[in-house]
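Residue numbers (the numbering used here): 18 to 377.
Note that the Cβ used here is the ideal one computed from N, Cα and C, for glycine as well.
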């Protein structure tokens with residue numbers, strides 16, 4: 018158990034690191050951020066900030082000497098860096114969780130092994146392989162890079178076989194990574210709704226699960242999350258939660274794990290997972306007794322997990338993208354609206370903040 022007063026290291030300095038830092042401070046911990054950038058949303062809440070590449074062994078060694086436990090706020094971190102750090106201090110979640118969740122074929126393989134459903138898919142390592150995959154999978158389909166894809170990035174739709182060449186160009190003709198594939202082609206899933214399972218798993222294997230939020234995406238970016246979800250999602254939640262728990266157990270995961278699903282006529286279809294706190298769980302800050310951020314801090318420090326029950330009849334979270342954040346005066350004047358701004362420089366389509374409304 019890591020006692021309050023200790024320092025938690027966070028790899029990555031974005032808004033998730035910011036909210037983790039706020040939760041850590043509430044419990045009496047200090048935060049030391051390690052990131053390639055000179056500053057970021059987590060700057061204002063971090064006691065210390067190390068600017069260095071994740072592959073910088075000397076900087077990572079010095080960082081390890083100044084923190085008591087470490088975690089990460091996004092998955093675009095080299096698992097080798099996490100393994101290196103784990104040789105010196107405890108790191109949660111482990112490099113295994115990171116490696117599986119950041120590389121799509123590993124995700125698909127694990128879910129299939131654990132009895133979950135995924136979209137039909139095929140590996141792609143060039144335009145010729147993509148044409149072959151289109152013949153195998155059919156259209157409509159989605160071409161995705163195996164690494165570094167999030168918020169709709171690294172993805173292209175293929176509605177007809179003739180779209181293959183332009184889709185390959187659209188994802189940047191990614192090179193094949195060592196011992197892996199450059200991209201995958203997924204069959205388009207006919208779904209009625211999208212939802213996510215958010216769970217926290219402690220060092221003792223105990224788990225806590227929040228109400229399942231129904232998510233709406235616009236142009237590949239999450240727009241809203243709401244609980245309680247629709248009847249169809251609620252009907253499929255138990256099966257999805259059971260799979261998420263099996264995934265967490267198989268990985269020996271410690272911390273928050275987010276798994277995204279499609280609700281379909283055949284049941285929940287797994288889409289992807291994130292080994293960290295997740296945008297679709299931001300509503301838990303005000304909408305649950307213990308937020309995803311606090312329970313992540315509790316988990317990585319070996320503390321008991323907190324209650325995940327709703328604080329009201331439900332909650333909705335709305336992302337504020339780009340100039341939508343300029344609505345802050347009206348949002349602050351709105352009764353019951355909880356505004357969170359991340360301190361970022363304005364940019365079109367960028368996640369600038371979110372607002373949560375708890376239903377009474």
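For residue 65, the nearest candidate out of 270, 82, 302 and 98 (CA to CA)
82
Buried/exposed call for residue 334, threshold 16 Cβ in 10 Å
buried
Own chain, CB closer than 6 Å to residue 204, minus 5 neighbours either side, in chain order
136, 137, 154 and 158
Under a Cβ-count criterion, where at least 16 other Cβ atoms within 10 Å of its own Cβ denotes burial, should residue 43 be classed as buried or exposed?
exposed
Taking buried to mean at least 16 other C-beta atoms within 10 Å of its own C-beta, is residue 209 buried or exposed?
exposed
Residue 49 to residue 63, Cα distance in whole Å?
6 Å
In this structure, how does DSSP classify residue 50 when only helix, strand and coil are distinguished?
strand
Below 6 Å CB to CB, which residues in the same chain sit around residue 277 once its five sequence neighbours on both sides are set aside?
213, 288 and 289
As assigned by DSSP and simplified to three states, the class of residue 117:
helix
Selected residue, minimal CA-CA separation from residue 250, among 352, 230 and 196
230
Identify which residue in 337, 113, 182 and 270 has its Cα closest to the Cα of residue 241.
337
Grouping DSSP H, G and I as helix and E and B as strand, with all else coil, what is residue 242?
strand
Classify residue 97: buried if its beta carbon has 16 or more other beta carbons within 10 angstroms, exposed otherwise.
exposed
Going by beta-carbon coordinates alone, are residue 52 and residue 30 separated by less than 7 Å?
yes
For the structure I just gave you, are there three or more beta carbon pairs, one from the segment 174–187 and one from the segment 213–223, closer than 8 Å?
no
Say whether the segment 117–125 touches the segment 194–204, bearing in mind that this needs 3 or more beta-carbon pairs closer than 8 Å, one atom from each stretch.
yes
Need the endpoints of the alpha helix (DSSP H) that residue 314 sits in, please.
309–317
Distance CB(residue 275)-CB(residue 299) smaller than 7 Å:
no
From the DSSP secondary-structure annotation, give me the bridge partner or partners of residue 334.
242 and 373
Taking buried to mean at least 16 other C-beta atoms within 10 Å of its own C-beta, is residue 207 buried or exposed?
exposed
Would you call the segment 366–373 in contact with the segment 338–347, where contact means no fewer than 3 C-beta pairs closer than 8 Å?
yes
Those runs of the alpha helix (DSSP H) which lie wholly inside the segment 68–101 and span at least 4 residues:
74–81
Quick one: what does DSSP say residue 185 is sitting in, helix, strand or coil?
helix
What span of residues does the alpha helix (DSSP H) with residue 255 cover, start to end?
248–268
So for residue 284, helix, strand or coil by DSSP?
strand
Less than 7 Å between CB atoms is the rule here; does residue 184 satisfy it with respect to chain D?
Here chain D cannot be found, since the structure has a single protein chain.
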